[in-house]
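Novice: Starting off with a structure, shown below.
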Amino acid sequence: MVLIQAIIEIFPDLTKGLAITITVLIGAAFFGYLFAFIAGLCRLSSKLFLRKFTGLYVEIFRGTSLIVQLFWLYYAIPMLFGIELGSNWWAGVIAISLNYGAYMSEIVRGSILAVAKGQSEAAIALNMSRYQRMRFVILPQAIRMMLPEFGNYSIQMLKATSLVSLIGMEDILYHGNIIRSTNLSQAPIVYLLVLVFYFILALPLIFLTRKMESFSKKGVASG
Amino acid sequence: MIEPIVTFQDVHKSFGNSKVLKGIDLDIRPAEKVAIIGPSGSGKTTIIRMLMTLEEPTSGDIIVNGTNLWKMEKKGRLVRAHEKHLRAVRGDIGMVFQHFNLFPHMTILENCMTAPLHVKKEPKAEVKQRSLEMLDRVGLADKVDQYPSQLSGGQKQRVAMARALVMRPKIMLFDEVTSALDPELVGEVLQVIRDIAKNDDMAMILVTHEMDFALDIADKVLFLDEGVIAEQGSASEVIEHSSNERLQEFLHRFRA
Amino acid sequence: MNNWSWDVFVDAFPKIIDGLAITLALTIVCYVFALVFGFFWLFIKMIPLNSLRWLVTWMMEFIRSTPPLVQLFFIYFAWPMVPVVGFALDEFTSAVLGLGIHFSTYIAEVYRSGIEVVGKGQWEAAKALNFSKRRKWTKIILPQAIPPTIPMLGNYLIIMFKEVPLASTIGVAGILHIANSYGAQNWTYLEPLTIVAILFLILSYPSAIIINRLEKKMNRRFDKKETLTRSKGATA
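Just so you know, the protein sequences line up as chains A, B and C, in that order.
So the mapping is simple: the numbering used here equals the position in the first sequence, first residue as 1, plus 16.
So the mapping is simple: the numbering used here equals the position in the second sequence, first residue as 1, plus 18.
So the mapping is simple: the numbering used here equals the position in the third sequence, first residue as 1, plus 13.
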């Protein structure tokens, strides 16, 4: 009974952080996919400079930790350039999206390269332009391959949003930490509930990812 | 004398160190049906792939409809053609591939409609009607809403032909279109090609191993051997009256 | 760039380097823990009991799709408070358990994929040759299952290395923790955090290249298409 009472007490407090967690996730996912596509396409560009430049971006962000990048953006950037990123919301969203954008750009690049060569040859034989080949033939198939990976990465991004509590954003974890600090003995229930909260948010993404896995098996000529 | 629609002038092609084509000269007139035969690795496919702009010749000229395909004039000099030039010239050429290369994410009808719609920018109603007619002609009117993965190899290849025909090419290239098919499906595909050859007035170049079929429909047969055209002429000239030893050997093996 | 100070950089650098030993040690210990614990998941899933398998599958899914940071907090702050079974753990051990368990669920998947690589025909061949169970595993299955997993496992080592700074949040004195403390004391985060970023880059980039080479080699040996493993499975 004590347990249930504790849950009833804690639960509403944690929901206060839901909005932050979800908006950071949506922001990070939106910009993450955007960066992934821009960087992925740039790495396939015929311009050497673009390829090298985006390659540098990808290696830097994949080579260092997200938490280090987050702190760097939040603490170091304002010192270095004397500018603020606007808010810690933006710092969190930009750090997560730049980091996962770098990882996902490899998915974009790999998927485009994985579309069978015969597909673009057939498109050439139908006299499509470079843009039309990409738009009508390559991308629709490449995106099918990307979807399950993107689904997996959305779950990763959801997990990553918990880091914004470290730069003072009042997300689910932040509220959990507050409750724990006022009542130490409740720590097990608090963190268990926090984990359950994240899991409930992850569930639709998990099912979506599985669905996309079966979807992507159809309609792709790869090789 | 009718002007040729396609001319090859001393065309060479190397891949790395290996010379695949060593000087090809060739004229193809409008509506002419040409079969290219020869042992595998002799460069047959490379010839039509260069014409389709899928492969760039190492040297020599390919003239299509009076325009140099791979070179264009810039400030009075001939330079390597860019994409825009290639697109302008290859618009009259269509190709059917050994492995069909249908677009797996589109229905059969969409496979046929995409290019005329977006490349030629023709009105949708007209494109749809023409696509349906073509699919009916290749005997697949009842499959228009299915996806390529639901079809047999022979059906896929017939769709590929309909898709190419909807673009109304003046030159059609066939790259070993029956090689990837189960033997029992070869007939239906050859039947469609025969129909096209008889009823359409486009030039056709067939790279094929179906010897009897090639000889049956071709106005001209080329025997390609070790990167050069070793023999050419009408079907009967090449098959029955040639004294080329390698050709006889090649034919003998295929007829056996 | 007017706020950048080389004096601070030179002052902070040796202090932060001191934390590298902890960071690397934590990486290795977490990694070994995850490798061992990965087998635990694998074996428990082999028990032919459907309800158990279902439970374990969802447990793994739960661990994998919730933030390791919260799991870390759970073990460090909450575990000592759990009635009856709970006891206090030091920071390092908490980090090993928290990150180790989280990653073990990924490692278990790697093991599984390795075993799945071995085709059905190989199992049948082993049967046809009338191999004993032990010889079947040591002579046929494992020699084929292990090599393809090596690049994937190596990849997880790098990912682990990049996740270890999470432990600074519970006070493990690795490079990030020292940099943050230095920043708080001296009111400048720029140089210490930049040093941390550079250290990560210097250590992980060459390792990533080595893993990539290894993977290409394995793919050639086993006649497989290039996979995306290098970019797969990052966690935060």
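C-beta atoms are modelled at their ideal positions from N, C-alpha and C, and glycine is treated no differently.
Let me see if you follow: with CB-CB separation under 9 Å, is Glu-137(A) close to chain B or not?
Specialist: For the purposes of this step, residue 137(A) is taken as the residue at position 121 of the first sequence. Yes, Glu-137(A) lies at the interface with chain B (some Cβ there is under 9 Å from its Cβ).
Novice: Do Ser-81(A) and Lys-175(C) count as a contact pair if the criterion is CB distance below 9 Å?
Specialist: Counting from 1 along the third sequence, the entry for residue 175(C) is found at position 162. Counting from 1 along the first sequence, the entry for residue 81(A) is found at position 65. Between Lys-175(C) and Ser-81(A), the C-beta spacing is below 9 Å.
Novice: Does DSSP classify Ile-23(B) as helix, strand or coil?
Specialist: By one-based count along the second sequence, residue 23(B) stands at place 5. It is coil, neither helix nor strand.
Novice: Using three-state DSSP, classify Leu-30(A) as helix, strand or coil.
Specialist: Walking along the first sequence from the start, residue 30(A) turns up at place 14. It is helical.
Novice: Starting from Lys-37(B), trace the beta strand (DSSP E) both ways and give me its first and last residue.
Specialist: On the second sequence, residue 37(B) is found 19 positions in, with the first residue counted as 1. Run containing Lys-37(B): 36-46, per the beta strand (DSSP E) assignment.
Novice: Val-153(A) CB to nearest chain B CB: under 9 Å?
Specialist: Working through the first sequence from its first residue, we reach residue 153(A) at position 137. Yes, Val-153(A) lies at the interface with chain B (some Cβ there is under 9 Å from its Cβ).
Novice: So, is Leu-200(A) buried or exposed, given that buried needs 16 or more other C-beta atoms within 10 angstroms?
Specialist: Taking the first sequence and counting its residues from 1, one reaches residue 200(A) at position 184. The residue is exposed, with fewer than 16 neighbouring Cβ atoms inside 10 Å.
Novice: Of all the residues that make up the segment 109-131 of chain A, which are near chain B by a beta-carbon distance shorter than 7 Å?
Specialist: none
Novice: Could I get the ranges of all uninterrupted alpha helix (DSSP H) runs contained in the segment 58-113 of chain A, with 4 residues as the minimum, in chain order?
Specialist: 64-79, 82-87, 93-97
Novice: Output yes if chain A places a C-beta closer than 9 Å to the C-beta of Met-165(C); else output no.
Specialist: Stepping through the third sequence from its first residue, residue 165(C) is reached at position 152. Chain A contact via Cβ: absent.
Novice: Mind listing the chain A neighbours of Leu-72(B)? Cutoff is C-beta to C-beta under 7 Å, in chain order.
Specialist: Here residue 72(B) corresponds to residue number 54 of the second sequence, with the count starting at 1. Glu-137, Ile-140, listed in chain order.
Novice: Who are the neighbours of Glu-137(C) on chain A, taking C-beta pairs under 7 Å?
Specialist: Against the third sequence, residue 137(C) aligns to sequence position 124. Neighbours of Glu-137(C) on chain A: none; closest Cβ ~26 Å, over 7 Å.
Novice: Label Met-59(C) either buried or exposed according to how many other C-beta atoms from any shown protein chain fall within 10 Å of its C-beta, with 16 as the threshold for buried.
Specialist: Indexing the third sequence from 1 puts residue 59(C) at position 46. Counting the other Cβ atoms within 10 Å of the Cβ of Met-59(C) gives fewer than 16, which makes it exposed.
Novice: Taking DSSP as the reference, what is the three-state secondary structure of Glu-249(B)?
Specialist: Translated into positions along the second sequence, residue 249(B) becomes position 231. Looking at Glu-249(B) - three-state DSSP - the assignment turns out to be strand.
Novice: Would you kindly work out how many angstroms separate the C-alpha atoms of Glu-137(C) and Tyr-124(C), rounded to a whole number?
Specialist: Position 124 of the third sequence holds residue 137(C). Position 111 of the third sequence holds residue 124(C). Each residue's Cα considered, the two are about 21 Å apart.
Novice: In angstroms with no decimal places, state the Cα-to-Cα distance between Val-38(B) and Gly-61(B).
Specialist: The count along the second sequence starts at 1 and reaches residue 38(B) at position 20. The count along the second sequence starts at 1 and reaches residue 61(B) at position 43. Val-38(B) and Gly-61(B): Cα-Cα distance of roughly 6 Å.
Novice: Pick from Leu-120(B), Lys-102(B), Lys-40(B), Met-179(B): whose alpha carbon is nearest that of Gln-164(B)?
Specialist: As a working mapping, residue 164(B) is identified with position 146 in the second sequence. Nearest Cα to Gln-164(B) within the set Leu-120(B), Lys-102(B), Lys-40(B), Met-179(B): Leu-120(B).
Novice: For a quick check, are the C-beta atoms of Phe-192(B) and Met-113(B) less than 9 Å apart?
Specialist: Translated into the one-based positions of the second sequence, residue 192(B) becomes position 174. Translated into the one-based positions of the second sequence, residue 113(B) becomes position 95. It is a contact, given that the beta carbons lie within the stated cut-off.
Novice: Among Glu-228(B), Lys-238(B), Ile-189(B), which residue has its Cα nearest to the Cα of Glu-255(B)?
Specialist: Locating residue 255(B) in the second sequence gives position 237, counting from the first residue. Ranking the options by Cα distance to Glu-255(B), first place goes to Lys-238(B).
Novice: Classify Val-184(B) as helix, strand or coil using the three-state DSSP reduction.
Specialist: The residue you call residue 184(B) lines up with position 166 of the second sequence. In this structure, Val-184(B) counts as helix in the three-state DSSP scheme.
Novice: At 9 Å on the CB atoms, spell out the chain A contacts of Leu-206(C), in chain order.
Specialist: Here residue 206(C) corresponds to residue number 193 of the third sequence, with the count starting at 1. Within 9 Å Cβ-Cβ: Val-84, Phe-87, Trp-88, Tyr-91, Ala-92.
Novice: Looking at C-alpha atoms only, which residue of Arg-271(B), Thr-226(B), Ala-180(B), Asp-200(B) is the closest neighbour of Val-210(B)?
Specialist: The residue labelled residue 210(B) in the question sits at position 192 within the second sequence. That would be Ala-180(B), whose Cα lies nearest to the Cα of Val-210(B).
Novice: Do Ala-198(B) and Gly-171(B) have their C-beta atoms within less than 9 Å of each other?
Specialist: Mapped onto the second sequence, residue 198(B) falls at position 180. Mapped onto the second sequence, residue 171(B) falls at position 153. The Cβ-Cβ distance between Ala-198(B) and Gly-171(B) falls below 9 Å.
Novice: State the CB to CB distance for the pair Ser-181(A) and Leu-174(A), rounded to an integer number of angstroms; the pair is presumed to be in contact (CB under 8 Å).
Specialist: Here residue 181(A) refers to the residue found at position 165 of the first sequence. Here residue 174(A) refers to the residue found at position 158 of the first sequence. In fact, because the Cβ distance is near 14 Å, the residues do not count as touching under 8 Å.
Novice: At a CB distance below 7 Å, what residues from the segment 162-176 of chain A approach chain C? Give them in sequence order.
Specialist: Ile-171, Gln-172, Lys-175, Ala-176
Novice: Quick one: measure Cβ to Cβ for Leu-102(C) and Tyr-119(C), integer angstroms, because I've assumed they're closer than 8 Å.
Specialist: For the purposes of this step, residue 102(C) is taken as the residue at position 89 of the third sequence. For the purposes of this step, residue 119(C) is taken as the residue at position 106 of the third sequence. About 23 Å; that fails the 8 Å criterion.
Novice: Using a Cβ-Cβ distance cut-off of 9 Å, determine whether Met-228(A) contacts chain B.
Specialist: Here residue 228(A) refers to the residue found at position 212 of the first sequence. With 9 Å as the cut-off, Met-228(A) does not count as an interface residue toward chain B.
Novice: Counting only beta-carbon atoms, is Phe-52(C) nearer than 9 Å to chain A?
Specialist: Here the question's residue 52(C) lines up with position 39 in the third sequence. With 9 Å as the cut-off, Phe-52(C) does not count as an interface residue toward chain A.
Novice: Less than 6 Å between C-beta atoms, sequence neighbours within five positions excluded: which residues of the same chain meet that for Ala-158(A)?
Specialist: Position 142 of the first sequence holds residue 158(A). Answer for Ala-158(A): Ser-127, Ile-128, Val-131, listed in chain order.
Novice: Could you name each continuous beta strand (DSSP E) segment of 3 residues or more that falls completely within the segment 207-253 of chain B, going from the start of the chain to the end?
Specialist: 221-225, 238-243, 246-251
Novice: Less than 8 Å between C-beta atoms, sequence neighbours within five positions excluded: which residues of the same chain meet that for Leu-86(A)?
Specialist: Here residue 86(A) refers to the residue found at position 70 when the first sequence is read from its first residue. Cβ neighbours of Leu-86(A) beyond the five flanking positions: Ala-107, Gly-108, Ala-111, Ile-112, Leu-179, Val-180, Leu-182, Ile-183.
Novice: Might you give, ordered along the chain, the residues of its own chain that have their beta carbon closer than 7 Å to the beta carbon of Pro-134(B), omitting 5 neighbours on each side?
Specialist: Numbered from its first residue, the second sequence carries residue 134(B) at position 116. Excluding residues within five positions, the ones whose Cβ falls inside 7 Å are Glu-140, Val-145, Val-184, Met-185.
Novice: Identify whether Val-131(C) lies in helix, strand or coil by the three-state DSSP scheme.
Specialist: Translated into the one-based positions of the third sequence, residue 131(C) becomes position 118. Val-131(C): coil per DSSP, three-state reduction.
Novice: Only counting the same chain, and skipping five residues up and downstream in sequence, which positions put a Cβ closer than 7 Å to that of Arg-125(A)?
Specialist: As a working mapping, residue 125(A) is identified with position 109 in the first sequence. Excluding sequence neighbours, Arg-125(A) sits near Gly-56, Arg-59, Leu-60.
Novice: Using a C-beta to C-beta distance shorter than 9 Å, which residues of chain C count as neighbours of Val-210(A)?
Specialist: Numbered from 1 along the first sequence, position 194 holds the residue referred to as residue 210(A). Under the 9 Å cutoff, chain C gives Thr-79, Pro-80, Val-83, Phe-86, Phe-87.
Novice: So, for Asp-243(B): in the same chain, excluding its five sequence neighbours on each side, which residues have a beta-carbon less than 6 Å away from its beta-carbon?
Specialist: Numbered from its first residue, the second sequence carries residue 243(B) at position 225. Hits under 6 Å: Gly-56, Ser-60, Arg-264.
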